[in-house]
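Novice:
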Amino acid sequence: MSDGYPTKTVIGLEVHVQLKTQTKLFCGCSTEFGAEPNTQVCPVCLGLPGALPVMNEAAIDLSVKAGLAIDCSIPPMTKWDRKQYFYPDLPKGYQISQFDLPICADGFIEIDDPASPGQIRKLGIIRAHLEEDAGKSMHDEAAGKGDTKIDLNRCGTPLLEIVSQPDMRSSDEAKAYLNELKLRMTHLGISDCEMQEGSLRVDANVNLHIDVDGKNVATPIVEVKNMNSFRAVERAIQYEIDRQYDIWEETGKTIKDEAKTTRGWDDESGKTFLQREKEESADYRYFPDPDLLPIRLPRDRVESIRASLGEMPAQIRQRLQGQYGIKPYDADVIVNQGVAMITYFETAATKSDDGKRTSSFIQQDVMRLMNERSISIEDYPVAAESLGDLLGRVAKGELDNGRARDVLAHMIDKGVSVDDAIKDLGIESVDNNEIEDLCRELLAANPAVVQDYKDGKKQAVGSLIGQAKKKNANANPQVVRQTLIQLIEQE
Amino acid sequence: MLDSVSEILRLQSAGEASAVEIASAALDRIETADGTINAFTHLNRELTLAAAADVDRRRSAGETLGPLAGVPVAVKDVLCTHDMPTTCSSKMLHNFHPPYDSGVVEKLRAADAVIVGKTNMDEFAMGASTENSAFGVTKNPWDTTRIPGGSSGGAAACVAASMVPISLGTDTGGSIRQPAAMCGVTGLKPTYGRVSRYGLIAFASSLDQVGPIGWSVQDIAPLMETIAGHDKRDSTSLNLDVGSYVDAIKGTDLTGIKIGMLRESMEAEGVDPTIKEAVKEAAKVFEKAGAELIDINLPHSEYWVPTYYVIAPSEASSNLSRYDGAHYGHRAADIETGAELGPLVTTYCRSRDEGFGAEVKRRIMLGTYALSEGYADDYYNKALKVRRLIKSDFDAAFSQVDLLLGPVTPTAAFPLGSKVDDPIQMYLCDLFTTGANLAGIPALSLPAGKDADGLPIAIQLQAPALEESRLLFAGSVFQLVTDHHTDRPNTERPDTTKGVQS
Ligand SMILES: [Zn+2]
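Going down the list, the sequences are from chains R and L. With the numbering used here as the guide, the letters of the first sequence map in order to residues 2 to 492. With the numbering used here as the guide, the letters of the second sequence map in order to residues 4 to 505.
1. Anything in chain L within Cβ reach of residue 26(R), meaning under 8 Å, just list it in chain order.
2. Do the CB positions of residue 121(L) and residue 87(L) come within less than 8 Å of each other?
3. Quick check on the DSSP output: the beta strand (DSSP E) that includes residue 151(R) runs from which residue to which?
4. Just to check my reading of the structure: residue 410(L) and residue 268(L) have Cβ atoms closer than 8 Å, yes? What is that Cβ distance to the nearest angstrom?
5. Can you give me the C-alpha to C-alpha distance between residue 141(L) and residue 50(R), rounded to a whole angstrom?
6. Taking only the alpha-carbon atoms, compute the straight-line gap between residue 269(R) and residue 38(R) and give it to the nearest angstrom.
7. Taking all protein chains shown into account, do 16 or more other C-beta atoms lie within 10 angstroms of the C-beta of residue 239(L), making it buried, or fewer, making it exposed?
8. From residue 475(R) to residue 327(R), what distance separates their C-alpha atoms?
9. Let me make sure I understand the geometry here. Which of 313(R), 462(R), 456(R) has the alpha-carbon closest to that of residue 446(R)?
10. Whose C-alpha, out of 195(R), 187(R), 116(R), is nearest the C-alpha of residue 172(R)?
11. Kindly indicate which three-state DSSP category residue 316(L) falls into: helix, strand or coil?
12. Could you name the residues of the same chain whose beta carbon sits closer than 8 Å to that of residue 184(R), not counting the 5 residues immediately before and after it, in chain order?
13. Relative to the C-alpha of residue 95(R), which residue among 298(R), 135(R), 120(R), 113(R) is closest?
14. By the 7 Å beta-carbon criterion, what residues does the stretch 448–471 of chain L contribute toward chain R?
15. If we ignore side chains and look at the alpha-carbon of each, how far apart do residue 491(L) and residue 441(L) end up?
16. Please report how far the alpha carbon of residue 191(L) lies from the alpha carbon of residue 437(L), in whole angstroms.
17. So does residue 345(L) have its beta carbon nearer than 7 Å to some heavy atom of ligand 1?
18. Should residue 347(L) be flagged as near chain R, meaning a C-beta pair shorter than 8 Å?
19. Please classify residue 380(R) as buried or exposed, where buried requires at least 16 other C-beta atoms within 10 Å of its C-beta.
20. Please name the residue, chosen from 185(L), 224(L), 394(L), 364(L), that lies closest to residue 129(L) on a Cα-to-Cα basis.
21. Taking its Cβ as the centre, do 16 or more other Cβ atoms sit within 10 Å of residue 121(R), making it buried, or is it exposed?
22. Against residue 318(L), what residues of chain R qualify as contacts under a CB-to-CB distance less than 9 Å, listed in chain order?
23. Would the beta-carbon of residue 172(L) fall within 8 Å of that of residue 145(L)?
24. Which residues mark the beginning and the end of the alpha helix (DSSP H) in which residue 10(L) is found?
25. In three-state DSSP terms, what is residue 488(R)?
26. I'd like the ranges of any beta strand (DSSP E) spanning at least 3 consecutive residues and lying wholly in the stretch 71–143 of chain L.
27. Mind checking if residue 346(R) is an interface residue toward chain L, Cβ cutoff 8 Å exclusive?
28. Alpha carbon to alpha carbon, how far is residue 168(R) from residue 128(R)?
29. Here's a check: name, in chain order, each residue in its chain whose Cβ is nearer than 7 Å to the Cβ of residue 453(L), leaving out the five neighbours to either side.
30. Terminal residues of the continuous beta strand (DSSP E) containing residue 446(L)?
31. Taking 8 Å as the CB-CB cut-off, is residue 235(L) touching chain R?
32. Sorry if obvious, but does the Cβ on residue 140(L) come closer than 7 Å to a heavy atom of ligand 1?
33. Taking the beta strand (DSSP E) that residue 56(R) falls in, what are its first and last residues?
34. Measure how close the beta-carbons of residue 210(L) and residue 176(L) come, nearest whole angstrom, since I'm counting them as under 8 Å.
35. Taking 8 Å as the cut-off, decide whether the C-beta atoms of residue 222(L) and residue 302(L) are in contact.
36. Using a Cβ cut-off of 7 Å, which residues of the stretch 81–99 of chain R contact any Cβ in chain L, in chain order?
Shown next, in the form of structure tokens:
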């Protein structure tokens, strides 16, 4: 589409967030992930005749919290509706959801504009409503039998469906929105937001507005499902942008010619594929659930939840910049990693008394290992205090960044303390006289370098720093450089 | 011996009969009479006698017993029992054994009542004649060529045939009061939320309510006292004190009570004149006892039946969607994987087609239509608005009077089979009863004499929400000065005297 007409991408996201309650939305069953199939069930979530739902107040509080975290308004009254359809993993034949009075409405999330950093993009949120999850169907197509097994453990788990405005204009914006949303939900303990475990699910509605000689032409809307990571969401959207443009060029079909279709994402091939041809005008026959009472949310309840929110990510970013002297970008990276990383950084930076160095070590060394090992900061082998201790010594000039990396690697390898690692590596601080002697020796042996330096090639001393490190591994390169320059200039 | 709760309690405490002897008598009576009446869908002699023996053992051990100790009770087969099947008289649930007791059954057991079995009903409580049962019709003990009323036909008939003194029914649009009226017994539909719906298999959740049936107010008051009260497993259950209904019915003086005569009911067409006459006679009885009579009209009465027949089927269409053959209940056999709609949809369609009877299907279709996009505003949503108007009528009436008096049914029990092909005629049986369900108020059906054919007819009292005490008190006063509730059918007589209607 590179040489084509100017095109605006329109993306709206529907995000299902599983609320971190101990028990399900309408019964006392556990919500824990990974149990044996059909072991976390009872008459209520199995939809047995005569069983009745009883609302879990904790889910209401978490939903209000989530709504406040994305600047939604919380109406004084909300209610439950039945959404009706037949499917084997929906044992009642209806899902208890919210139709016309969602618990949260009309919010927004602000992101840093990926296209022009420093600029803020405000992305609207239409609503967030609470509903119960369905079970899981596991299709076993083996041997042409087409058996399906049903696990109802997940049935009745509380989900908050957060529906954005179609405000996103690129896959980068969609990703930034998701990052920020996940950050707030995890930060406030509302959800684990683990896509792999299904506690965060994303559907993306995508189409293009193509400017054909001043006339706006919209392509048919496609809903993309089955994406199991933010990266996948990004790729799927990008793929759709290209595909929709190509199809439009080929067929000329616009939103008027074709109803919304549903496409799945295949991560392996990197393509979307058609799942449902036409969004059959599904009639869910919503009506208020007569088994449940409307929910009243008095102002004081909402306000006390608001008061309990504490520091939001945007405020933390600001604070980290001021308190530790790090750049907005660095504060962003750390905060975006979530609560555990923020705590890790703050602990290490306080100990080292060098926020900038701590931030860059975390972003380079710590996060690289996390990526390599696919671990979270909670599982990173070096404690924040120890890293801070190590970096504090660098700040004091006891060792350089390079040696600090060696020490860190040794600590990770052997699981030893900073002191032991330094001892094991034979690192000791080198006396300045010793360095001066070493430098005199090197200058005497390399008159050409001295001449080059005097001729203006100041970088020539670099070769001598390398030699100095070879002769004494503990020599601080910064100190060596300064000493060499001093000695040459004194001549 | 099996006609009165107080007599059964007295016999035991006086040592004149044991709970086992009483239970055996009930079981024997059922064995003799139920071949004709067919009031029960399930009986379990061993379980019943074991429960009774337990009461006897605990009595002789000097333990304190519950208020219904050793009293045989029958339970409508829409209420879950962990030790008996619960079928809703439907093929769909013919094999369903709930893993739990309903809230009211728990309370019965806690009161040391002896549950003898489950009673027949219109399938999923949809009907007014108990002819819509997958397990055969129940016959009216007063005339076995006639229907017992419905949907709690079995629960009313088993009392009327003196098989048990009391039973539990459910009332969604008249399903306790109408069969009680037709079987010449007393039945109470409580305030919505007064009795737990936990374990009551839903027909229409916003209307369903469990209630007691017995010969007299004296008999149903202790049963009502047992089952009433909050249950946290039912979100619509009211968390309010209940008080004692047994104490509430003491006294004979209705001075200060204003009773509203329902003008629309008395002027309605197609109402048997003997029933209108019985209501007028009853009014005189109340007046004599000190009550003041006032004419009252409920302007939206004519919309009760149409409103009810939109709301109840709408909720039913949703409540019954769980019966799909996938998890429990009837599942169609031998679904070929090559079936036109695919094996899944075919299983759904065939299981539901085979499992549900005609009336249930009719109401599922009505409700599905009423909730459908494009029609919901004209039907379901409009019905909700009219329901509010109906409720306002009652609120206005109760600002003037304490009770409302009128008929329960337009006619006495009709012959078996006479209305099965005419659903509209059948729905008109609910003419006077659906209002209380739509408004959520309590209502009481009291025997009030016989029609020209000698069949029982009844009057209905209605009270504001939560005023069961007032309702039962007035009913008790009525029964102190009348003897309609002491009439018994001659159930020994052959059932061919009137000839079986085709
Ligand atoms: Zn459960």
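For each residue, glycine too, the CB sits at the ideal point set by N, CA and C.
Specialist: According to the data block:
1. Within chain L, no residue comes near residue 26(R); the closest Cβ sits about 12 Å away, beyond 8 Å.
2. A distance below 8 Å separates the beta carbons of residue 121(L) and residue 87(L).
3. 148–152
4. 6 Å
5. 24 Å
6. 28 Å
7. Residue environment: residue 239(L) is assigned as buried (16 or more neighbouring CB atoms within 10 Å of its CB, all protein chains considered).
8. 29 Å
9. 462(R)
10. Checking every option, the nearest Cα to that of residue 172(R) belongs to 116(R).
11. DSSP, reduced to helix, strand and coil, places residue 316(L) within a helical segment of the structure shown.
12. 314, 336, 337, 339
13. 135(R)
14. none
15. 33 Å
16. So the alpha carbons of these two residues sit roughly 14 Å apart.
17. no
18. yes
19. exposed
20. Ranking 185(L), 224(L), 394(L), 364(L) by Cα distance to residue 129(L) puts 364(L) first.
21. exposed
22. 288, 291
23. Annotated as distal: residue 172(L) and residue 145(L), with beta-carbon spacing of 8 Å or more.
24. 8–16
25. If DSSP states are grouped into helix, strand and coil, residue 488(R) belongs with the helices.
26. 75–79, 117–122
27. no
28. 14 Å
29. Closer than 7 Å at Cβ, skipping near neighbours: 459, 460.
30. Looking at the DSSP string, the run of the beta strand (DSSP E) that includes residue 446(L) is 446–453.
31. With 8 Å as the cut-off, residue 235(L) counts as an interface residue toward chain R.
32. Ligand 1 has no heavy atom closer than 7 Å to the beta-carbon of residue 140(L).
33. Taken as a continuous stretch (DSSP letters only), residue 56(R) belongs to no beta strand (DSSP E), as it is neither H nor E.
34. 7 Å
35. No.
36. 83, 85, 87, 89, 92, 93, 94, 95
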